[in-house]
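Residue numbers (this note's numbering): 653 to 1041. Beta carbons: idealized from backbone N, C-alpha and C, even for Gly. What follows is one structure encoded as structure tokens, with my remarks underneath.
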Amino acid sequence: MNNLIAEIQSYPFERLRKLISPKKSPAEINLSIGEPKHPASPKILDAINQNKELFSHYPPMAMVPELKKSYQDYLANNFNQKAVKDEEIFLVGGTREGTFSAIQTMVNREAVSEKPYVCIPNPYYQIYGGATLFAGAKPHFLNCTEENNFQMDLENVAQEVWEKCQLLVLCSPSNPTGKVMTKDELCKVVKLSKEFGFKVLSDECYIDIYFGEKPTSLLEAAMEVNGSLENVLALHSLSKRSNLPGFRSGCATGDATIIAAFSKYRMFHGVSVPLPIQSASTLAWADDKTVEDNRAAYAEKFKLAEEILDKDSLTPDGAFYLWLKVKDAEAFTKKLYDEEQVIVLPGKYLGAEDNGQNPAEQYLRIALVHDIESTRKALTSIKKVLDNE
């Protein structure tokens, strides 16, 4: 057996199952998983049926021309990336697989005598940590706490850390805190990358879900600072944007050298996106109406959360997670399920202990992905348990 498997901590949902022992009752409302429940566009779903005969063909690893054009238009319209070349984009089977593959590609264990660092925001999407270990690197956590406004404190990272860093992973808007990095912060990242020679991977699967100013992509910052996409890679997905988590369809954009290596790595293990899914994805990248409807629906649910929980400022910069502070997250989660059959996720399962501190210890991640009435019912249950905490 691969010895690295023993080094990986249990996945958050496995830990959650052990904590609450779910009974899978029809009355359950599961707010632990970031799986959008808003309806997908019927036009996009119809495209699968219209192209169902293509399931009889092996799909290519590369995206079909129509999909490539649609995604390039998305980059141009949303991030002013009007000159992205064919060799700077690639198709991935969703950003989960894309993230894992990208980290394997971007880390060079043999280039240094000791394990290089992959710098990761903490708390974080757990794929970042697991992929880092499998790449032969060491996770170095940058704690995002209430005290630093849930941002990575880049100014106070020691120079020796940057010198050991081969890759910095970003997630903006953040999973789980919803925090968005500003354009200035992203430009600072690109400048640090240039100074110390590390690469940057930006997980932007939530970038189309925001409630204030539109988030900046790492691609925009790279072009402003470097005039190119050198040493950066951004990942985009249809799962959150278009309510299509089952499609497993996403795209990567960045440095052509990284994309070439990424493509070669995936050729030996990556899952190709089926041709009918590529046809439907072509429509999805051009569908802004669903995205606008999503933002409005999520905003309504965050407003409802503030009203029911009687707390101000619960609406994040972006994404669809309520990041709620409680006294004892595991005890709260268990009580909420036992008494109200509502499932949430203890934040500590998304964090790592660093210098004796897990910055997510006292938080719950609550995915506001259900319809408004289910959300209202779940939030009322959460308020009931909060009042008796």
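Continuous beta strand (DSSP E) stretch holding residue i: start and end
i, result
"asparagine 795", "790-795"
"alanine 1012", "First-last for alanine 1012: undefined, no H or E at that position."
Whether residue i touches residue j by CB criterion (8 Å)
i, j, result
"threonine 942", "phenylalanine 954", "no"
"aspartate 860", "threonine 751", "no"
"phenylalanine 984", "valine 978", "yes"
"methionine 713", "serine 924", "yes"
"glutamine 724", "valine 736", "yes"
"glycine 906", "leucine 885", "yes"
"proline 691", "asparagine 895", "yes"
"serine 693", "threonine 934", "no"
"glutamate 876", "cysteine 839", "yes"
"leucine 1002", "proline 775", "yes"
"tyrosine 862", "proline 828", "no"
"isoleucine 1034", "leucine 961", "yes"
"alanine 1030", "isoleucine 681", "yes"
"glycine 902", "leucine 887", "yes"
"leucine 1020", "threonine 1027", "yes"
"isoleucine 911", "phenylalanine 665", "no"
"lysine 831", "phenylalanine 802", "yes"
"serine 753", "phenylalanine 899", "no"
"histidine 1022", "lysine 689", "yes"
"lysine 1036", "glutamate 992", "yes"
"glycine 1065", "alanine 1004", "Outside the shown range of the chain, which is 653 to 1041, sits residue 1065, and nothing can be said about it."
"aspartate 853", "valine 821", "The residue you asked about is not aspartate; residue 853 is leucine in the sequence shown. For leucine 853 and valine 821, yes; Cβs fall inside 8 Å."
"tyrosine 726", "tryptophan 937", "yes"
"isoleucine 1024", "glutamate 958", "no"
"glutamate 739", "alanine 874", "no"
"leucine 819", "isoleucine 755", "yes"
"aspartate 940", "glycine 864", "no"
"alanine 932", "valine 744", "no"
"phenylalanine 731", "serine 869", "yes"
"glutamate 687", "proline 1011", "no"
Residue i - partner residues in DSSP beta bridges
i, result
"tyrosine 769", "Lys790, Cys817"
"glycine 902", "Val744, Ser889"
"valine 852", "Leu820, Val884"
"isoleucine 1018", "Leu974"
"proline 998", "Leu1016"
"asparagine 801", "Looking at the DSSP assignment, asparagine 801 forms no beta bridge with any residue, so it has no partner."
"aspartate 1006", "Gln1009"
"tyrosine 862", "Gly970"
"asparagine 703", "Answer is none; asparagine 703 lacks a bridge partner."
"asparagine 774", "Asn795"
Residue i: first and last residue of the uninterrupted alpha helix (DSSP H) it sits in
i, result
"asparagine 878", "870-878"
"asparagine 655", "First-last for asparagine 655: undefined, no H or E at that position."
"lysine 1035", "1024-1039"
"leucine 719", "717-731"
Check: residue i C-beta below 7 Å from any heavy atom of the ligand SAH
i, result
"leucine 1016", "The ligand SAH is not among the ligands present in this structure, which contains no ligands whatsoever."
8 Å Cβ cutoff, residue i in contact with chain C
i, result
"cysteine 817", "In the structure shown, chain C does not exist; there is a single protein chain."
(message) For the region 928-940 against the region 692-704, do three or more pairs of beta-carbon atoms, one drawn from each stretch, fall closer than 8 Å, so that the two count as touching?
(response) With the cut-off at 8 Å, the region 928-940 and the region 692-704 touch.
(request) Taking only runs that begin and end inside the region 918-996, name each unbroken alpha helix (DSSP H) of 4 or more residues, in chain order. (result) DSSP runs (the alpha helix (DSSP H)) wholly in the region 918-996: 927-937, 940-961, 981-992.
(message) Would you call the region 837-854 in contact with the region 786-802, where contact means no fewer than 3 C-beta pairs closer than 8 Å?
(response) The region 837-854, when compared against the region 786-802, does not touch it at the 8 Å Cβ threshold.
(request) Could you name each continuous alpha helix (DSSP H) segment of 4 residues or more that falls completely within the region 657-701, going from the start of the chain to the end? (result) Runs of the alpha helix (DSSP H) inside the region 657-701: 664-672.
(message) Would the region 990-999 count as touching the region 1015-1029 if we require 3 or more Cβ pairs under 8 Å?
(response) Counting C-beta pairs closer than 8 Å gives three or more between the region 990-999 and the region 1015-1029, which meets the contact rule.
(message) Any contact between the region 757-771 and the region 780-787? By contact I mean 3 or more CB pairs, one from each, below 8 Å.
(response) Output reads yes: the region 780-787 touches the region 757-771.
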